[in-house]
Every structure is written in C-alpha cells, then in structure tokens.
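Colleague: Chains as they are written, first to last, in our numbering: chain A, 655 to 869; chain B, 655 to 869. All C-beta atoms, glycine included, are put in the ideal place defined by N, C-alpha and C. The structure is given below, and queries will be raised subsequently.
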DNA sequence: GTCTATAGTCGGATAGAC
DNA sequence: GTCTATCCGACTATAGAC
C-alpha cells in the first residue's frame, strides 16, 4: 500500500470512529494526513469509499492479531479434543483479547466497530466476515465441548457473547470503567488486573459447565 | 415538561445516538418532531443545549427504571447483611438489566451513551453521576460481601464491570449478537435465554467467590 | 410562544493546472 | 499522481412577523 493511502486510512479510522461517517469531514481527514482533499476522491472514490476501505483495513489488521490464537484453536479442534485443552486455549484467546481491548492501538478500531453496530452499514458485513464471526464460532464450539454438549447450539453462542462482553466492556465503556475504578488510564498493570479477573470468572463458569456434564 | 419539549428530546436522542452530535441535523430533528427548527433555539438555546438536555433526560429515565432494584439493595446493605441476600438482590439487578438492555425502548439511549464513551463530553458526567456510577458501586459492594472481603476494592470494581459487560454486549454489539446467534431480533424469548445464561454465569462466579472465602 | 425568511458558514465533489 | 480553485448544497443561528 502507498504511504499516502496508509496515512489516509489511519487518520480516517480515527476520525470516523470519533465522529461517525456523517460527522467526520474529508477536509479534516485530508489535512491531518497532510494531503489534499481531492486525493481521497482519487484514491478511494470519495468519502464512502474511504469509509469502506477503513472497515476492511480494520478487519484485516485484527485478523492478523488474533489469527495465531485462532489457528491454535483450529488445531485443537482437529486433533484430539478434550475439555482440558479447550479450557487452556480459551484462556489464551481471552487473554489475548484483553490485551487487544485494553491497548491504545485498538482504541480507534473499537470506536469504529462499535459505531457500526449502532447503525450497521455495508461495512459491518466486512467486519463480521473478517474475524469476529470466526472467533465467536470457535469460542462457542469450545464451550459445547467443555460442557460435553449439555449446552445447546444457541445457548453456547449466547454464552460466548457473554464471555466476550466481560472484556469488551473495558473498551466500549472505557470512560465508565475509568470513573468506576478511579484509574487514570489503562496500561499493563491494569490489563493484568483485568486479565486475572476474567480468567477467574472463566474458570468458575467452566467448572460449573464441567460439573453439570458429569452429573 | 411541555409536549413539544418532550417530543424534541425523544427525537433528538434518536438522531444524536445514530449520527452523533455533529452528524445529526437540527433541521431533521425539528422536522421529525413536527416543529420549526427555531423552536430548538427557543427551548434549549441551540444544538448543544439540546444535546445536554438529551443526556439529562436519559439519565433521569434510566434512574427511574433501575431505582426500585437499587433501593432494595440499599435496604439490604443497611439491614442484616449476608451473602445469600446479596446474591439474590444481584440476581434481581442483573435480571432487570437484561430486560433494559434487550428491550427496544432503550436502544436509542444505549446508542447515545455508547457514543459518549467514544469521545466523552460534558454530557458524560451527567450520565455517570445519574445512575451508572451508583449502580456499579452497589454491585461492587455486594461482590465484596459475597467474597467476605477476599476481593479487594479495585478487584471488586473490576469484577463488577465484567459482570455488567456480559449483558451490555447484547446492546452494544447487537448486530454481532444477532449475526452470531442467527436471531432476527431480540424479544422476550431471546431475553429469557440471555437471562438464564447470565444467571448461570453469576452463580458460577458467586460460588467460586464464596468457596474461596471459606477456605 | 410559534413559525418564516434569510444570513453566513462549511461540507463534498469536481474541473483543470502542473 | 498531486494539488488548487471553485461550485453548489446543507447546515446552524437569528431577526422579525404573527
């Protein structure tokens, strides 16, 4: 990708995430990227083209980040499957997810994605198809495994959403989380505290699912 | 409140939630409310005045909804406190929260609030002070109680956030939740499934906290 | 209090120079 | 490919009629 394109995309994700598609201005985006406004038309065909390209860029980047963890899960599913390894790989995935959600780098991504959920456009399909859908599907499959199929199809997917929600909240409701904890911002030490809390919740839930399955 | 004011607020919350402060247009809001644009200036002093009034209206309305549950909690805290009643009242709060988050009525509120988190303005303080802060504080206090103070101050607040996140995700990531479950929308039957999943997660976590405290 | 008319600003798109 | 200049529509705010 050309450096100009790349810079435009980065700035665009930030602006669109904060102000929304309509609220953001191509003038401001171009100015921040240090390029004339007409280059947006030239490279992306206009404002909406830039918006879609931003969504695809987010999807691709997040995909790269989570892929290693997801591939490990795929291997586990393919090979000898047992509840213990499923639990371990879920811990890996969710630990990685905390890092992604807490880290500043994904702040702009998260704002963009959350905004799409409020009023989904064509961009949502590209985001969902990219990585979110796969990840949720994998997590749900692992939950069924741990529960020895005591959990139904729908239940396991709903459960997967609740588990992801535990972490998502620190990105989506960041302002509230900071106010509630008294933290000034979220760095590595805060991430560690969150990771520990999430892991403990997960173990509690997994234990319950396993216990029920053996009854 | 005057009917015109009330209609303007309802429409404004919807528009601001979808398009953001900058994206929404006072023309469109006034048109949807069936009143001339200049009435916004007259009643609220302009666009930003309308925005702040919308935030306060949301805070007040949500406060009314959750107040009964929170007052019960306050009574429990004031009177004889034990882990069993704390668990019961947390179940009440979270059950109510599922209804609020799943119901269509709060969709517009949620969009507005989430947008504020992405880039907090003065409106966020009014929202947080109104009800969100109190609720989180209460939940955290109950968690400490259940854990017999095994959970520290910060840990209990972080834990409270994770618990709320389980439910919030169905509002904030509604589009993803629908795609992942295959549901067309969320009505009472879906709310029941979610409520059951959340309650089961809560019991698993509470059990673990209690078990640890008695060791 | 309610509405119309208008002023002034800023947005996205585009033509055309280089 | 990159940038400047310009067009036209949409926006907020406000003055003033009723």
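(1) Please indicate yes or no: does the CB of residue 758(A) lie closer than 7 Å to some heavy atom of the ligand FMN?
(2) Anything in chain A within Cβ reach of residue 848(B), meaning under 7 Å, just list it in chain order.
(3) Note down, in chain order, each residue of its chain lying with its Cβ closer than 6 Å to the Cβ of residue 730(A), except the 5 sequence neighbours on either side.
(4) Go through its chain and collect everything with a Cβ distance to residue 855(A)'s Cβ below 7 Å, but skip five positions before and after it.
(5) Using only alpha-carbon positions, find the residue among 736(B), 779(B), 796(B), 827(B) that is nearest to residue 814(B).
(6) Starting from residue 818(A), find everything on chain B with Cβ-Cβ shorter than 7 Å and list it in chain order.
(7) Tell me which same chain residues have a C-beta within less than 6 Å of the C-beta of residue 778(B), skipping the five on either side of it?
(8) What is the C-beta distance between residue 683(B) and residue 666(B), in whole angstroms, given that I count them as a contact (C-beta under 8 Å)?
(9) Using a Cβ-Cβ cut-off of less than 8 Å, list which residues of the stretch 731-763 of chain B approach chain A; keep chain order.
(10) How should residue 842(B) be labelled, buried or exposed, when 16 other C-beta atoms within 10 angstroms of its C-beta is the threshold for buried?
(11) Could one say the Cβ of residue 676(B) lies closer than 8 Å to chain A's Cβ atoms, at least one of them?
(12) Determine, using beta carbons only, whether residue 796(A) comes closer than 8 Å to chain B.
(13) Rounded to whole angstroms, what is the Cα-Cα separation between residue 858(B) and residue 866(A)?
(14) Determine, using beta carbons only, whether residue 859(B) comes closer than 8 Å to chain A.
(15) Does the beta carbon of residue 838(A) come closer than 8 Å to any beta carbon on chain B?
(16) What residue ranges within the stretch 828-867 of chain B form continuous alpha helix (DSSP H) runs of no fewer than 4 residues, ordered along the chain?
(17) Which whole-angstrom value describes the C-beta separation of residue 840(A) and residue 756(A), a residue pair presumed to lie in contact below a C-beta threshold of 8 Å?
(18) Residue 827(A) CB to nearest chain B CB: under 8 Å?
(19) Whose Cβ in chain A lies nearer than 9 Å to the Cβ of residue 786(B)?
(20) So, with DSSP's three-state summary, where would you put residue 674(A)?
(21) Which residue wins for smallest C-alpha separation from residue 713(A), given the options 792(A), 782(A), 790(A)?
(22) As an exercise, report each continuous beta strand (DSSP E) stretch of at least 3 residues that is fully enclosed by the stretch 765-830 of chain A, in chain order.
(23) Considering only the alpha carbon of each residue, which of 790(A), 678(A), 822(A), 703(A) lies closest to residue 659(A)?
(24) Does DSSP put residue 760(A) in a helix, a strand or coil?
(25) Can you have a look at residue 849(B) and say buried or exposed, based on whether 16 or more other CB atoms are within 10 angstroms of its CB?
(26) For residue 675(A), which residues from the same chain have a beta carbon less than 7 Å from its beta carbon, with the 5 sequence-adjacent residues on both sides left out?
(27) Looking at residue 727(A) and residue 792(A), is the spacing between their C-beta atoms short of 8 Å?
(28) Since residue 673(B) meets chain A, which of its residues come closer than 9 Å, beta carbon to beta carbon?
(29) Please tell me whether residue 711(A) and residue 662(A) are closer than 8 Å, where the distance is taken between their beta carbons.
(30) Would you mind telling me which residues of chain B sit closer than 8 Å to residue 778(A), beta carbon to beta carbon, in chain order?
(31) Could you tell me the alpha carbon to alpha carbon distance between residue 721(A) and residue 788(A), rounded to whole angstroms?
(32) Helix, strand or coil for residue 743(A), going by three-state DSSP, please let me know.
(33) Give a yes or no on whether 8 Å exceeds the smallest Cβ distance from residue 765(B) to chain A.
(34) Measuring only between beta-carbons, confirm whether residue 684(B) sits less than 8 Å from chain A.
(35) Comparing the C-beta of residue 854(B) with each C-beta of chain A, is any distance below 8 Å?
Modeller: Looking at the atomic coordinates:
(1) In the structure on display, the ligand FMN does not appear, and there are no ligands present to speak of.
(2) Locating residue 848(B) in the second chain gives position 194, where the first residue counts as 1. Residues of chain A passing the Cβ test: 812.
(3) Stepping through the first chain from its first residue, residue 730(A) is reached at position 76. Excluding positions up to five away in sequence, the list reads 739, 743.
(4) Numbered from 1 along the first chain, position 201 holds the residue referred to as residue 855(A). So the qualifying residues of the chain are 820.
(5) Along the second chain, one-based indexing puts residue 814(B) at 160. When each option's Cα is compared against that of residue 814(B), the closest is 796(B).
(6) If you number the first chain from 1, residue 818(A) lands on position 164. Per Cβ cutoff of 7 Å: 823.
(7) As a first step, residue 778(B) is located in the second chain; it is residue number 124 there, counting from the start. So the qualifying residues of the chain are 770.
(8) As a position in the second chain, residue 683(B) is number 29, starting the count at 1. As a position in the second chain, residue 666(B) is number 12, starting the count at 1. Correct: roughly 5 Å between the Cβ atoms.
(9) none
(10) Working through the second chain from its first residue, we reach residue 842(B) at position 188. Under this definition residue 842(B) is an exposed residue.
(11) Walking along the second chain from the start, residue 676(B) turns up at place 22. It does; some Cβ of chain A falls within 8 Å.
(12) Translated into the one-based positions of the first chain, residue 796(A) becomes position 142. So, not an interface residue.
(13) Within the second chain, residue 858(B) is the residue found at index 204, counting from 1. Within the first chain, residue 866(A) is the residue found at index 212, counting from 1. Rounded to the nearest angstrom, the two C-alpha atoms are 11 Å apart.
(14) If you number the second chain from 1, residue 859(B) lands on position 205. For residue 859(B), the answer is yes, since a Cβ of chain A falls inside 8 Å of its Cβ.
(15) Along the first chain, one-based indexing puts residue 838(A) at 184. No, residue 838(A) does not count as interfacial toward chain B.
(16) 828-835, 842-867
(17) Taking the first residue of the first chain as position 1, residue 840(A) is located at position 186. Taking the first residue of the first chain as position 1, residue 756(A) is located at position 102. Right, their Cβ atoms sit about 5 Å apart.
(18) For the purposes of this step, residue 827(A) is identified with residue 173 of the first chain, where counting begins at 1. Yes, its Cβ sits closer than 8 Å to a Cβ of chain B.
(19) Translated into the one-based positions of the second chain, residue 786(B) becomes position 132. By Cβ distance, chain A contributes 827, 830, 833, 834.
(20) Here residue 674(A) corresponds to residue number 20 of the first chain, with the count starting at 1. Helix, per DSSP.
(21) On the first chain, position 59 is the one that residue 713(A) refers to. Measuring from the Cα of residue 713(A), the nearest candidate turns out to be 782(A).
(22) none
(23) Translated into the one-based positions of the first chain, residue 659(A) becomes position 5. Of the listed residues, the one whose Cα sits closest to residue 659(A) is 703(A).
(24) Taking the first chain and counting its residues from 1, the one referred to as residue 760(A) is at position 106. Of the three classes helix, strand and coil, the one that applies to residue 760(A) here is helix, per DSSP.
(25) In the second chain, counting from the first residue as 1, residue 849(B) sits at position 195. That one is buried.
(26) Position 21 of the first chain, counted from the first residue, corresponds to residue 675(A). The residues are 705.
(27) One-based indexing of the first chain puts residue 792(A) at position 138. One-based indexing of the first chain puts residue 727(A) at position 73. Contact flag set, yes.
(28) Against the second chain, residue 673(B) aligns to sequence position 19. By Cβ distance, chain A contributes 674, 675, 676, 677, 773.
(29) In the first chain, residue 711(A) corresponds to position 57, counting from 1. In the first chain, residue 662(A) corresponds to position 8, counting from 1. No, they are not a contact pair.
(30) The count along the first chain starts at 1 and reaches residue 778(A) at position 124. Residues of chain B passing the Cβ test: 829.
(31) The residue labelled residue 721(A) in the question sits at position 67 within the first chain. The residue labelled residue 788(A) in the question sits at position 134 within the first chain. C-alpha separation (whole angstroms): 10 Å.
(32) Counted from its first residue, the first chain places residue 743(A) at position 89. The answer is helix: DSSP assigns residue 743(A) an H, G or I state.
(33) Here residue 765(B) refers to the residue found at position 111 of the second chain. Residue 765(B) counts as touching chain A.
(34) Working through the second chain from its first residue, we reach residue 684(B) at position 30. False, the Cβ-Cβ gap to chain A never drops below 8 Å.
(35) On the second chain, position 200 is the one that residue 854(B) refers to. Chain A contact via Cβ: present.
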